[in-house]
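Just below is one structure, and these are the notes that go with it.
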């Protein structure tokens, strides 16, 4: 199994500022996923972060708003830019299975963001 | 297209009752994976089970059991003798085997389970 940590665990930010969320995995993984969970809602994939290449964004999410870095195989950051109250959510990183779709998918503990 | 439907928004039961959470999925793939996750009030997502599309055997783990029926595209989750600690949001999710979908999970809307003492 993979152990995933996220920093910060929670934050309260002012409108117009940015927050960078870090995700650290205890093993090397090719892909890392970033999900958003708005209050009372399900999880929605923001983007897939591949090491050494640009992140792949899902429909409705753009790089200017959610820039992602993936400097190595164990670490990624997601920045939520130009914050508005609508960005208040839990942001979770996730690691896909290590093998050929044979393992579970693990999630970090999440970062709870509140935008005032 | 892939879709997961959890029609039950919220369920309330009294402790020791059995409860079943429904999950219906849609996919055109013949090989796929189904998951259940638990999200307690603390917010973390706890993995409960993964099921491959080619394995229709039902599974039991303690008080938890899962009923996978490909004929009805359902993957229901039953908690026997529910406890207050089972109170959480439960998510059903689907992942395709095919790389065109990457390894992303498609989640249902979630079912809030409240177990009262």
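Chains as they are written, first to last, in the numbering used here: chain A, 82 to 197; chain U, -4 to 112. Even for Gly, the Cβ is constructed at its ideal location relative to N, Cα and C.
C-beta contact flag for residue 89 of chain U and residue -1 of chain U at 8 Å
Within the second chain, residue 89 of chain U is the residue found at index 94, counting from 1. Within the second chain, residue -1 of chain U is the residue found at index 4, counting from 1. Yes; because the gap between Cβ atoms is below 8 Å, this pair is in contact.
Which partner residues of residue 69 of chain U appear in the DSSP bridge assignment?
Start at 1 with the first residue of the second chain, and residue 69 of chain U comes out as number 74. Partner(s): U:19, U:64.
Can you confirm whether residue 2 of chain U, when its beta carbon is compared against all beta carbons of chain A, has any partner nearer than 8 Å?
As a working mapping, residue 2 of chain U is identified with position 7 in the second chain. Cβ-Cβ to chain A under 8 Å: no for residue 2 of chain U.
In this structure, how does DSSP classify residue 152 of chain A when only helix, strand and coil are distinguished?
Looking up residue 152 of chain A in the first chain gives position 71. If DSSP states are grouped into helix, strand and coil, residue 152 of chain A belongs with the strands.
Residues near residue 188 of chain A in its chain [Cβ-Cβ closer than 6 Å; skip 5 each side]:
As a working mapping, residue 188 of chain A is identified with position 107 in the first chain. Around residue 188 of chain A: 173, 175.
If distances are taken between C-alpha atoms only, which option among U:110, U:112, U:111, U:102 comes closest to residue 2 of chain U?
Here residue 2 of chain U corresponds to residue number 7 of the second chain, with the count starting at 1. Among U:110, U:112, U:111, U:102, the Cα nearest to that of residue 2 of chain U belongs to U:102.
C-alpha distance - residue 148 of chain A paired with residue 66 of chain U, whole-angstrom precision:
Reading the first chain from its first residue, position 67 is the one you call residue 148 of chain A. Reading the second chain from its first residue, position 71 is the one you call residue 66 of chain U. Their backbone Cα atoms lie some 42 Å apart in a straight line.
Give me the residue from U:19, U:7, U:29 with the minimum Cα distance to residue 83 of chain U.
To locate residue 83 of chain U, count along the second chain from 1; it is residue 88. Ranking the options by Cα distance to residue 83 of chain U, first place goes to U:7.
Can you give me the C-alpha to C-alpha distance between residue 136 of chain A and residue 117 of chain A, rounded to a whole angstrom?
For this step, residue 136 of chain A is matched to residue 55 along the first chain. For this step, residue 117 of chain A is matched to residue 36 along the first chain. Answer to the nearest angstrom: the Cα atoms are 16 Å apart.
What's the call for residue 98 of chain U, buried or exposed, on a 16-neighbour Cβ count within 10 Å?
As a first step, residue 98 of chain U is located in the second chain; it is residue number 103 there, counting from the start. Residue 98 of chain U comes out buried.
Roughly how many whole angstroms lie between the Cα atoms of residue 93 of chain A and residue 160 of chain A?
Taking the first chain and counting its residues from 1, one reaches residue 93 of chain A at position 12. Taking the first chain and counting its residues from 1, one reaches residue 160 of chain A at position 79. Taking the straight line joining both Cα atoms gives about 14 Å.
Where residue 13 of chain U sits in the DSSP three-state scheme:
Here the question's residue 13 of chain U lines up with position 18 in the second chain. Here residue 13 of chain U sits in coil by DSSP.
Does residue 172 of chain A get closer than 8 Å to chain U when you measure Cβ to Cβ?
On the first chain, residue 172 of chain A is found 91 positions in, with the first residue counted as 1. Cβ-Cβ to chain U under 8 Å: no for residue 172 of chain A.
Could you pull out every residue in the same chain whose Cβ sits closer than 6 Å to the Cβ of residue 132 of chain A, ignoring the five residues on either side in sequence?
Reading the first chain from its first residue, position 51 is the one you call residue 132 of chain A. Same-chain partners within the cutoff: 151, 154.
Checking contacts by CB at 8 Å: is residue 154 of chain A closer than that to chain U?
Within the first chain, residue 154 of chain A is the residue found at index 73, counting from 1. Chain U contact via Cβ: absent.
Buried or exposed: residue 49 of chain U, going by 16 or more other Cβ atoms within 10 Å of its Cβ?
Locating residue 49 of chain U in the second chain gives position 54, counting from the first residue. Burial call: exposed.
Kindly indicate which three-state DSSP category residue 92 of chain A falls into: helix, strand or coil?
The residue labelled residue 92 of chain A in the question sits at position 11 within the first chain. Three-state result, residue 92 of chain A: strand.
Given this structure, state the Cα-to-Cα distance separating residue 39 of chain U from residue 25 of chain U, to the nearest angstrom.
To locate residue 39 of chain U, count along the second chain from 1; it is residue 44. To locate residue 25 of chain U, count along the second chain from 1; it is residue 30. Cα to Cα, the separation comes out at about 31 Å.
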